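Engineer:
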Amino acid sequence: MKHVTEFRDPALAKGLLADIARRCEQIGATREKPVHIMEICGGHTHAIFRFGLDKLVHEGIEFIHGPGCPVCVLPMSRVDECIEIAERPGVIFTTFGDAMRVPGTRGSLMQAKARGADIRMVYSPLDALEIARRNPDCEVVFFGLGFETTTPSTAFAIQAAACEGLINFSVFCNHITVPEPIRALLGDPHMKLDGFIGPGHVSMVIGTHPYDFIADEFGKPIVVAGFEPIDLLQSVAMVLRQVAEGRAEVENQYARVVPEHGNPASLAAIADVYERRPSFEWRGLGEIDSSGLRIRPAYAAFDAEAKFCVGYGAEGPRHVPEPEGCACGTVMTGRIKPTACPQYGLGCTPETPLGALMVSSEGACAAYWQYGGARGAAA
Amino acid sequence: MALRDSHVTMAHGGGGRAMRDLIDEVFTSVFQPPGMEDQARLMDAALQKPGARLAFTTDGFVVSPLEFPGGDIGKLAVCGTINDLAVGGARPLWLSAGFIIEEGCDITLLRRIVASMAQEAAAAGVRIVTGDTKVVERGAADGVFITTSGIGVIAPGLDLNARQIQAGDAIIVNGSLGDHGAVIMASRGNFALETDLTSDCAALHDVMSAALQAAPDLRAARDCTRGGLASSLNELALEAGLGMVLEETKVPLRAEVRGLCEILGLDPLYLANEGRLVLFAPIAQAQAILAAIKALPEGSGAAIIGEVVDIHPGQVRMRSGFGGSRIVDMLIGDQLPRIC
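Chains G and V, in that order, are what the protein sequence lines are.
Counting along the first sequence from 1, when you hit position 111 you're at 110 in numbering that gives the first Met the number 0, and nothing is skipped either side.
Counting along the second sequence from 1, when you hit position 34 you're at 33 in numbering that gives the first Met the number 0, and nothing is skipped either side.
(1) So which residues on chain V does residue 350 of chain G lean against when the C-beta distance must stay under 7 Å?
(2) To the nearest angstrom, report how far apart residue 11 of chain V and residue 17 of chain V are at their CA atoms.
(3) Looking at residue 151 of chain V and residue 232 of chain V, is the spacing between their C-beta atoms short of 8 Å?
(4) Counting Cβ pairs closer than 8 Å, one from the region 172 to 189 of chain G and one from the region 147 to 160 of chain G, do we hit at least three?
(5) Which class does residue 6 of chain V belong to by DSSP, given the choice of helix, strand or coil?
(6) Quick one: what does DSSP say residue 234 of chain G is sitting in, helix, strand or coil?
(7) Go ahead and label residue 57 of chain G buried or exposed: buried means 16 or more other beta carbons lie within 10 angstroms of its beta carbon, across all protein chains shown.
(8) Closer than 8 Å, CB to CB, is residue 5 of chain V near chain G or not?
(9) Along chain V, which residues have their Cβ under 7 Å away from the Cβ of residue 371 of chain G?
(10) Name the chain V residues whose beta carbon is nearer than 7 Å to that of residue 326 of chain G?
(11) Starting from residue 12 of chain G, find everything on chain V with Cβ-Cβ shorter than 7 Å and list it in chain order.
(12) May I have the straight-line CA-CA distance separating residue 218 of chain V from residue 46 of chain V, to the nearest angstrom?
(13) Are the CB atoms of residue 48 of chain V and residue 99 of chain V nearer to each other than 8 Å?
(14) Would you mind sorting residue 168 of chain G into buried or exposed? The rule is 16 or more other CB atoms within 10 Å of its CB.
(15) 8 Å is my cut-off, CB to CB: does residue 124 of chain G come that close to chain V?
(16) Would you report the Cα separation of residue 276 of chain V and residue 307 of chain V, rounded to the nearest angstrom?
(17) Could you say which of V:261, V:53, V:169 and V:164 lies nearest to residue 237 of chain V if we only look at CA atoms?
(18) What's the gap between the Cα of residue 5 of chain V and the Cα of residue 131 of chain G?
(19) Which residues in the same chain have their Cβ closer than 6 Å to the Cβ of residue 373 of chain G, if we skip the five residues on either side of it in sequence?
(20) At least one CB of chain G closer than 8 Å to the CB of residue 157 of chain V: is that the case?
(21) Below 9 Å between beta carbons is the criterion; list the residues of the region 93 to 119 of chain G that meet it against any residue of chain V, in chain order.
(22) For a test of the three-state rule: what should DSSP assign to residue 302 of chain G, helix, strand or coil?
(23) Report, in whole angstroms, the separation of the C-beta atoms of residue 117 of chain V and residue 55 of chain V, which I expect to be a contact under 8 Å.
(24) Residue 311 of chain G lies in the alpha helix (DSSP H); which residues open and close that run?
(25) Are the Cβ atoms of residue 234 of chain G and residue 249 of chain G separated by less than 8 Å?
(26) Determine, using beta carbons only, whether residue 55 of chain G comes closer than 8 Å to chain V.
(27) Quick one: which chain V residues come within Cβ less than 9 Å of residue 383 of chain G?
(28) 8 Å is my cut-off, CB to CB: does residue 264 of chain V come that close to chain G?
(29) Only counting the same chain, and skipping five residues up and downstream in sequence, which positions put a Cβ closer than 6 Å to that of residue 20 of chain G?
(30) Do you know offhand how far residue 377 of chain G's Cα is from residue 141 of chain G's?
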């Protein structure tokens, strides 16, 4: 923990905040004409609010909260399909904890569990594999979701199941990738973005080169960042320095964890087990080309889509419209702040979330609500 | 020894000889309640004082696993109810204990749980004076569930409650937070994390009497159980109609708890405690309380963690080490570990 404490050092933070303020003044960033920086990753959104960084930085910085919370971008229809699988007799459905509360049209997995479905929270797909070993008479399904951070562990689980011939194990694959939605966002003429804070854990797997297009094609700076306050402040300062110097490059603030070329073993496992889907639906963003992964035919025996004939494995995924009044999509593309959503704090709270951004602690709305946001300003 | 079974069967709940044997050998021979009647008939000199008040509380205990580093469900059930009484300013005197036992429960385990209850009660000068057992079919309970009720006496003139809290009061805790919650998570074996942590499970009557002696104007106390410190403070802030501000750097946390929370994306302020309380006292008396409770084993890690303020009523905030501030809200549902 000493390691973490160093990255929360108040004196270092003060120095970086002064540096950020100086650069904001240098480039003329003000509250009215701010520099828009998108933190892509939900973990960064959470850290910014947890440590109150949004209020500490110069008022010329505006954070736009990106689409990097895997639970938040999960379409409602996929939650419905999870419940559909989980409610079949003889199925043990396993999932990461924070997917339990995401509402589908028939409620959440938590509610399905209360209705009698055998749904178990696990900490890793390898736990699900162990449940499959111990329950040979049951079909054990793991809800594979998340970005490149969690994709390798699901791939390893599928490889292990194939190796052992564990035919009662399968994965409901909803893995998605980071670079494609960023390309989609940058192609949106409404988006006002001056730079990016790049995801740390995802980049630990894929390296920094998949972001080259952000600098080369779109001329925007991106700094891959760690998750501690000092990491984030330093990354903001690095983005500002690029803006001030008229540069657009991929820089790596999180070099202590992120290798330039990623993690070869993880990348090999991903390539072995998955292939790109032509397109995949994102909640609030719609279908995005090449943004999702599916299990290769060689591992079809472990593909829950094929086994249970759901989602993209059926005649095609169902599309469920967002609940009335839910502005998650507009918030997620940074066009409005969570507090500007008409449902924020009224029809949509963490107790009764209407949209996905209120469900996960990494969702922008939940972070706003939990750590201050509008309530804080009003009090 | 009439009890020959190694595991509890439905017969032990049937009302016949098997039940009698279980109750006699496992429970009453250890607890030694007064008399042979079903109800206890009690008297204590403290009750005779004019103005003395009775305090009465009840609590149900379910925990998996039943035994964990630093305690078991029996110790929890005794300490939990003692603490409920103690934080209200009562001297705990008598407990009842109701057991719902799952068919198949290991009788040696049951004996260990009962021994641990008797030991905790004796150490606290509390007697377990009445009880009940029921046996339910396998699957209808999880090992053993225990309900304890407790009676204590509040001395004349003593009135601890949230409405006594005033702006400027110091907020004090008796030790590191979240140890119990972290131990339970780690001992469920869902992930391969090994720690040397032990539960904070403890009876806090001594801490309370030390605090009361040191600070004549102690305003209120609350045990921080389910929902952790954050939930207790939110309740108290609402009841008092005042705000609270914590200093992040002063909140005592063990490195292991902090690390476990970092890995799982949890907040230690919401982790359960079973031997931690929060005290409110005028700032001038805070150091005296600290010195008094630090002298006790259950208070050795005590610290002043913040103060009560007359702004943002009903809200708890925390100042970070470098000046940021955030709301510490009431827990919503359960804390769920993050994906990544």
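The beta-carbon is built from N, C-alpha and C at its ideal position, and this holds for glycine as well.
Everything numeric in this text was worked out from a predicted model, so none of it was measured.
Structural biologist: Taking the geometry as given:
(1) 331
(2) 5 Å
(3) no
(4) yes
(5) strand
(6) helix
(7) buried
(8) no
(9) 325 and 326
(10) Going along chain V, no residue has its Cβ under 7 Å from residue 326 of chain G, so there is no contact; the nearest lies around 21 Å.
(11) 321
(12) 23 Å
(13) no
(14) buried
(15) no
(16) 16 Å
(17) V:164
(18) 32 Å
(19) Because the pLDDT of residue 373 of chain G is 49, which lies under 50, any placement of that residue in the model is unreliable, and the number read from its coordinates should be weighed accordingly. The answer, listed in chain order, is 338.
(20) no
(21) 95, 96, 97, 98, 99, 100 and 109
(22) strand
(23) That belief does not hold up - the Cβ atoms of residue 117 of chain V and residue 55 of chain V are roughly 22 Å apart, past 8 Å.
(24) No alpha helix (DSSP H) holds residue 311 of chain G; DSSP gives it neither H nor E.
(25) no
(26) yes
(27) Not covered by the structure: residue 383 of chain G. The range shown for chain G is 0 to 378.
(28) yes
(29) 57
(30) Below a pLDDT of 50, predicted positions are generally treated as unreliable, and residue 377 of chain G, at 35, falls in that range; the measurement from the model is reported next regardless. Approximately 43 Å, taken between the alpha carbons.
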